Every structure is written in structure tokens, then in C-alpha cells.
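Residue 114 in full-length UniProt numbering sits at position 114 of the sequence shown, with consecutive numbering throughout.
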Amino acid sequence: MGWFDKSKKSGSADPFDSGFEPPPYNGSEGGDVAVGENENADGLHRRLKNRQIQLLAIGGSIGTALFVSIGTGLQHAGPANLLIAFIIQSCMLALVNNCIAEMTVTYPVSGGFVRLAGKWVDDAFARPRTPSNISGKGFMAGWNFFFYEAFLIPFEITALHTVLTFWRDDIPVWAVCIACVILYAAINILAVKAFGEAEFWLSGGKVILIFMLFAFTFITMVGGNPQNDVYGFRNWEDPPGAFRAYLDDGALGRFEGFLAALYGTAAFTVVGPEYISMVAAEAMRPRKYIKTAFKTVYWRFGIFFIGGALAVGIILPWNDPTLDNVVNGSSDASGTAAASPYVIAMRNLNVQVFPHIVNALLVTSIFSAGNTYTYCATRTLYGLALEGRAPKPLRFCTRNGVPLFCFVITMIFPFLSFLQVGNDAAQVLTWLVNLVTAGGLIDYIIMCVTYIFFYRACKVQGVDRNEFKYTGYFQPYGAWIALIWLLHVVLCFGYTSFYPWNINSFFSTYVMVGVAPILFIFWKVIKRTKFVKPHEADLVWDRPVIDAYEETFYGPPSSFWKEMLNVFTFGLLGKQPEADQRSASIDAGASSPSRTDPEK
């Protein structure tokens, strides 16, 4: 029995048995269900409320790139190319969301899409489990996502320090690093409810910031600025023009400008569905609240990402001297909040106070991103441990449902931010970005592949997908379209390293593109895994446990807006005493009773 052995010491005749028994129910009949009981087939607790889930879904997709890095895309491509790139990438990611939403709402398990990949793509259950029978696909997916999230933690800490230098340059690097490590540890070592509450307020700050910037764009473009300049869509007109020729002249250069905006900015700014998948195992009433969160992704893409690309192209011309200096690294403002195209526009218009407000909200936004990455990396490692792809001791959870040892391993990575002490912060950011650049795209490819296998299994086994709480539209064609598009992006986004040939650029761009398949092939060869055949795919899995948990609720679902009203009126208004009340559980081992859900 090695550390990577999934089976229980006593053995199990059930090939679908994960090695974990559902927590026993000890409450009296008709009473409230005790904390953590009958909620999952592992040690996690479902304590994230509706308002926390929805704000996490919104805030998780809004990162530093939308406020700062988007300026690089504008400078390389021009406003029209930038907008087109964001529209196309948002549509492709909407197709990915359509895939992962159906699977996650039906199977809201710990580890999110990582465990789904291991369950349905590679052979993890066709014969009695042994260490040589663990899924290679889940191994690659899990470790790729874990390192992607873990390396983003020091990236955000480094970015946070550079943003703080907007106010003064003598802020000690070590002080920022230590403060972030302590705060991330304090938030994530507590019960998931504490994390959810912290992210609720931090994500709220992101939403306030983006709408403030939208308001700034509209008010100033119609003349509401110190210069009384009604500039409208002037920056889309010649000169400088809506399309910039990048690298070459003429039509080819304008097309390369579009590619620069797509590969260099939109492909890594438009994100979101993976974070909802990761919190699903700790969400109350996932079949309702996680479903709602996934459905908000579509309008979030439209408002935040497409709207953000449009706003940036309105307020600033692509040939702005300050923006050019920042992008090309010839400005002291490079890498700080002053590098934000919004801040540059504010200074151009002689707006005095607003840049400081934006910078303050940027601080909370960046801190929130690092906090989210800490949570996701911890839960990903826990999911790997549950499936036998990480050392068995990492399965341990505290009584509050926190994977303690996974958390300790994750908290090693923030200390990489101390590299700033001996190196330039911008260089450290470059190192970290090079480690994770393609990781996000690979995750989306994994989601599409997993859905195609899942769809095929449902069809062969005669499972009616219309009975699921969330049924994806235009499937499986949407999954195939997204898969082909993402494969093209991940293979071509570093094409400039060939033009002219630059070995350093090539290596830094494609390191994860090479590492991911190597991980898959290594685990598949060493463990001799097999792809899951459609008729053998386990489409039951943890559904009885989740169905039984859902059946314990007799109160109506909580209203998001009433929850918000209750929070902001300090409990005076918006109370929902009957919402989300639970009774005695139903036996998770029995078949889930059928019932008609009027909200489906």
C-alpha cells in the first residue's frame, strides 16, 4: 500500500468505490443537519452561500489583466482589433462554459474538472484498482492546473507590490510578501465559509471598480472631464485609426495586430468557468446555485470582457506616448498601476483624485486574485490526493473541512515572491508568467475533451441528458468547435518566436505546452492506463450522495438579491427564515428518488 494507492486497506469489490464513505448522518429526524454531514463523499463541507458563489463567479473572472495588461493589446493591435479578439475569445470560452457547466452541475465533486477528466477520459475503474490503474488524463490535468494556480500566487504578490509603488517607491518588498502570506494563510486555514465571506467583499470591490471605469469612460467621452473635451470615438478615427499594423505593413500587419490582441491579451484575460467548477464541492445546493453561477458567465463575458475592450479603445489611442513607453519597458511606470490605460487616460485629462481610487481598488483586486488561486490550488491538490494521483496523507481534512496538508504544500509557493528582493520585480513577473502562460488554455482543452468523452458515454449508455439540471446547448458540436479553436491558439500563440527565430522566447512560451503531454504520456506508460470505453464509463459515481444531500432541503432556495439586501441592511431587511432549511437526510446509498424540480 503506497502513498499513491487509491484503495482502502481492507480492499473493495466495487470498482467505482473511491475509497471514501459518505459522512454518517447523526441528526434527529426533522431537525437541522449537522455541519459537514451527508454533504460530500469526502471531507469537504458545503458552506458557500448563494451570494458568495455568485460573487465568486463574477470576481473570479476579473483579474489584473483586465485593468492593466489589456493596454498591451491596445498598443499592439488598435481598438477595433482588440474588440474583435475579445468578442471571438469570449464566444469560444462560452462554448467551454457550456461543457463544464453540464458536467459540474450534475457532478459537483471536489477537484472540479480535474477529477471529471480522470473519471471519464482515461481508464481508472475498468478493473479492480491498483496503483497501475490510475488515470493518466486526470494526472496531467490535475498537476497542470495545480502548478498553474500555485505559480500565479507569487505572480499576484509581485504585482501587488508594483501597484503599491504608485504611491511611494520605498515600500519594502519583504513586508508586502510577508503580509500577503500571513493574510492568505489566515483566510484559507479557516472554514470555507470564511474564505467565501472574504471573497464576497473582495470580489465586490472588483465589480465596483469595473463599473466605475465604465462610468468614467462614458462620462468623459461625452465631455464630462476637466478639459470639456467631447472626444467620443475619436481614437477610432484616422489618425491613429481603429486597426494598427503590427510587425508588418498593410493588410498583413493589421491581421498580425489582431493576432497580437488575441494571443497576447484576450486568450489569457477571458477566464472564469474553471473557478466555478472548483468551488462546486463546497457550495450549498449546487444543483441550483452552481447552475445559476454558470449561467451568469455568458453575460459576464459580454459586459466585463467585451465591454472592457471597448472602453479601453475609447479612452486612449493606441499610439499614446505614455502607453508606448510602458509597453516597451522604457517608462518608470511600467508594471505599476500607472501602466493601466485607464490611469494614463485620467492623467491625460488632468483628472486628479480618481487615479488614487482606482489604484486602491486595484490593490484589493490583485489581493483577491491571489487569495482565489490559493484556494483553487489547495482544492486541486486535494482532488488529486482523493484519486490517488498525489500522496495519500494529503487527503486529511480538518473538522472545518480544510485540506490541511494540501494547504501547507500550497503555501510554499507564495514564498517565491521573495525573488523580488534580489531581482527586478518586472523580471520576476516575467519568469512566473512564462511558467504558467499556456496552463489556462490547456485546462480549457481538457474540459472540452472530457465533455466529448462524457457525451459519448451518455449516448452509448442511453442516459437522457435532458434530465440533468443543466443541459448544454448545441452539443457535442460546441465542444468540438471550442476544442479545435483552443488547440489552434495554444499551438500558435507563440508564433512570434519563429519570426525571427528566438530560442529564449520559444522556450519560455511553449514550456507548458511541452510539459503537459509529457506528464500525460509518462503516467500513461508507467501506470499502463487505458482510455475509458463509453459503455464502461461510471455515470453514477457520487450522484447518489449529492442527490441525497439535495433531498434534505425542504426550504426554498435563497434569493441572491434578498441575501444582498440582508447583508447591506445589517439584517433589517431581506430576511429569508425558510430558505435553505434542511431536514433529516436520505440514505445516500439508495437510489435517488425521482421528483419534478419546478426550477429546472
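Note that beta-carbon positions come from the ideal geometry of N, C-alpha and C, so glycine has one too.
All of these numbers come straight from a predicted model, not from anything done at the bench.
- Listed in chain order, the non-local C-beta contacts of residue 139 below 6 Å within the same chain comprise 389 and 523, local neighbours out to five positions each way being set aside.
- Here the alpha carbon of residue 230 sits roughly 11 Å from the alpha carbon of residue 217.
- Closest option to residue 440, judged by alpha-carbon separation, among 113, 87 and 70: 113.
- Under DSSP, residue 283 shares a beta bridge with 48.
- For residue 211, the enclosing alpha helix (DSSP H) begins and ends at 192-221.
- Here residue 184 is buried. Its C-beta has 16 or more other C-beta atoms within 10 Å.
- For residue 537, the CB contacts under 6 Å within the same chain, skipping 5 residues up- and downstream, are 120 and 457 in chain order.
- Rounded to whole angstroms, the gap between the alpha carbons of residue 232 and residue 219 is 10 Å.
- Excluding residues up to 5 positions away in sequence, 120, 121, 122, 123 and 453 lie with their Cβ nearer than 7 Å to the Cβ of residue 532 in the same chain.
- If you compare the alpha carbons of 104, 466 and 361 with that of residue 208, the shortest gap goes to 361.
- Rounded to the nearest whole angstrom, the C-alpha separation of residue 576 and residue 308 is 35 Å.
- The beta-carbon separation of residue 150 and residue 410, rounded to 6 Å, stays under the 8 Å limit for a contact.
- Taken atom to atom, the span from the alpha-carbon of residue 368 to that of residue 199 is near 7 Å.
- Annotated three-state conformation of residue 498 is strand, per DSSP.
- Going by C-alpha positions, residue 68 is about 7 Å away from residue 341.
- DSSP places residue 553 within a strand segment (E or B) once states are collapsed to three.
- A straight line joining the alpha-carbon of residue 339 with that of residue 180 spans about 22 Å.
- The alpha helix (DSSP H) runs of length 4 or more contained entirely in the region 238-322 are, from start to end of the chain, 250-261, 273-279, 286-300 and 307-315.
- Exposure of residue 215 is indicated by the presence of fewer than 16 other C-beta atoms within 10 angstroms of its C-beta.
- Here residue 122 is bridged, per DSSP, to 531.
- Short of 6 Å from the beta carbon of residue 100, and not among the five residues preceding or following it, lie these beta carbons of its own chain, in chain order: 113, 273, 277 and 447.
- Per the coordinates, the alpha-carbon of residue 320 lies some 21 Å from the alpha-carbon of residue 163.
- The beta carbons of residue 144 and residue 526 sit no closer together than 9 Å.
- A buried status is given to residue 416, since no fewer than 16 other beta-carbon atoms sit within 10 Å of its beta-carbon.
- Comparing alpha-carbon positions, the option among 306, 195 and 297 lying closest to residue 282 turns out to be 195.
- Rounded to whole angstroms, the separation of the alpha carbons of residue 485 and residue 460 is 27 Å.
- The bridge partners DSSP lists for residue 582 are 553.
- The continuous alpha helix (DSSP H) containing residue 92 extends over residues 79-106.
- A direct Cα-Cα distance of roughly 15 Å separates residue 483 from residue 438.
- With 16 or more neighbouring CB atoms inside 10 Å of its own CB, residue 542 falls in the buried class.
- Rounded to whole angstroms, the gap between the alpha carbons of residue 535 and residue 455 is 12 Å.
- Proximity of the region 71-85 to the region 288-303 falls short of the contact definition, fewer than three beta-carbon pairs being nearer than 8 Å.
- Using a 10 angstroms sphere on the CB of residue 305, the tally of other CB atoms reaches 16 or more, which defines it as buried.
- In the three-state scheme derived from DSSP, where H, G and I count as helix and E and B as strand, residue 541 is classed as coil.
- The C-alpha of residue 481 lies about 47 Å from the C-alpha of residue 571.
- Counting other Cβ atoms within 10 Å of its Cβ, residue 398 stays below 16 and is therefore classed as exposed.
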